[in-house]
Amino acid sequence: MIRSTPSREFHGGLRLRPAGRVLPALLCLLLLAAVLPGVATADEGGWQPADSIDLELGLYHFTRNDVRIPNPGGTKFALDDLTGSNGSDLRLQGTWWWNERNALRLTVAPISIEGAAVADEDIEFAGAEFAAGERTLAEYRFNTYRLTWRYRFFRGERWDWSGGAAVLVRDARIRLTQGDLSAKDDDLGFVPLLHLHGRHRFTERTELVVDLEGAWAPQGRAIDLAVRVEHAFTPNWVGHVGVRTLEGGADNSNVFTFAWIHFATLGVGYRF
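Just so we're aligned, residue 124 is where the sequence shown starts under the numbering used here, counting upward by one.
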């Protein structure tokens, strides 16, 4: 039976408790990197940094989107059985180099999918009870905004490596609706991430790019790994094609949410 409660809200999510100690340490590393010399091979050639803006189209597929809210007490269910598993979204990035070794990157990466299906079991979610056999509308949103600091620590003839850290701000929502009954879990918070970026030059115009941001804590994790091939059509315009995988979630005293999303990516960039 469906409880006659019009709307319920529940709040929870991934909170990495060491953040209060991590962020001051990252600021110290940033100041240190600004004054230390970079590490390089004997050949100082290779890729040269340039300010840029990049737009990426991602066609994605969920292989996992498991939810239990509250945790414990709620029903563990596959949200992608209700929303569907396939979708597309755009990602926007802008990078600014203030010298040859240090850069800041701003990333806007929205993910949003919704759909409807008949629930095959009773679902207790965020304080409401949804009946099996009824058409259930589901919404999943996970928008992230990141500021990444990158330090270029290795410059070679073919390989170029950078490392650093990022602060991720997430705006997430899960909502279920059956008729007049609706329940949702909203989550707004931040997570510190580590960052690694590598480039391998095949030719003067074509490069392999590897980009990783991630973090782990006892109550959750986040991993964003991308591999793509870039080709410069002109000195300013660059096209790229690749793959991306995004995995992570939270398992704490409030919520259990884990998702794994795979992307095929296509994009264009402009170097200033």
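Each residue gets a CB set at the ideal place from its N, CA and C atoms; glycine is no exception.
When beta bridges are read from the DSSP output, Phe248 appears opposite Ala251.
The Cβ neighbour count for Ser235, taken over all protein chains shown within 10 Å, is under 16; the residue is labelled exposed.
Uninterrupted beta strand (DSSP E) stretches at least 3 residues long and entirely within the stretch 185-271 occur at 209-220, 225-232, 235-241, 246-248 and 251-253, given in chain order.
Under the three-state reduction of DSSP output, Ala340 falls in the strand class. Assigned with DSSP and collapsed to three states, Glu370 falls in strand.
Annotation for Gly279: no beta strand (DSSP E) segment contains it, and DSSP assigns it neither H nor E. Checking the DSSP bridge columns, you'll see Thr380 partnered with Val190 and Ala373. In this structure Arg344 does not touch Gly181 by the C-beta definition: roughly 21 Å separates them, more than the 8 Å allowed. Asp310 is the residue among Phe277, Gln301, Asp310 and Ser305 whose C-alpha sits nearest the C-alpha of Val292. Rounded to the nearest whole angstrom, the CA to CA distance from Thr186 to Pro172 is 36 Å. Taking each of Ala295, Arg281, Val290 and Asp283 in turn and checking the Cα distance to Arg228, the smallest one comes out for Val290.
Arg298 and His323 have their C-alpha atoms some 43 Å from each other. The Cβ neighbour count for Lys307, taken over all protein chains shown within 10 Å, is at least 16; the residue is labelled buried. When DSSP states are grouped into helix, strand and coil, Ala173 belongs to the coil group.
In this structure, DSSP gives Thr326 a state outside helix and strand, which the three-state scheme calls coil. Here the alpha carbons of Tyr263 and Thr300 stand approximately 12 Å from one another. Sequence-distant partners of Asp243 (beyond 5 residues in either direction) whose C-beta falls short of 7 Å from its own C-beta, in its chain, are Ala255. Pro315 is bridged by DSSP to Val290. Scanning Glu252, Thr329, Ala349 and Gly217 for the CA closest to the CA of Pro358 turns up Thr329. When DSSP reads this structure, Phe356 sits in no beta bridge, so it has no partner. Here Phe395 carries a coil assignment [DSSP, helix/strand/coil].
Taking C-beta separations shorter than 6 Å and ignoring five residues to either side along the sequence, the partners of Trp383 in its chain run Thr186, Arg187 and Glu370, following chain order. With 16 or more other CB atoms across the displayed protein chains lying within 10 angstroms of its CB, Asp203 is buried. The beta carbons of Phe253 and Gly197 sit no closer together than 8 Å. Distance check between Gly321 and each of Gly372, Asn377, Asn266 and Ala349 places Ala349 closest, using alpha-carbon atoms only. Its chain contains Leu178 and Val231 as the residues whose beta carbon lies nearer than 7 Å to that of Leu215, once the 5 sequence neighbours on both sides are disregarded; these appear in chain order. Note on Phe265: 16 or more other CB atoms within 10 angstroms of its CB, so buried under the neighbour-count rule.
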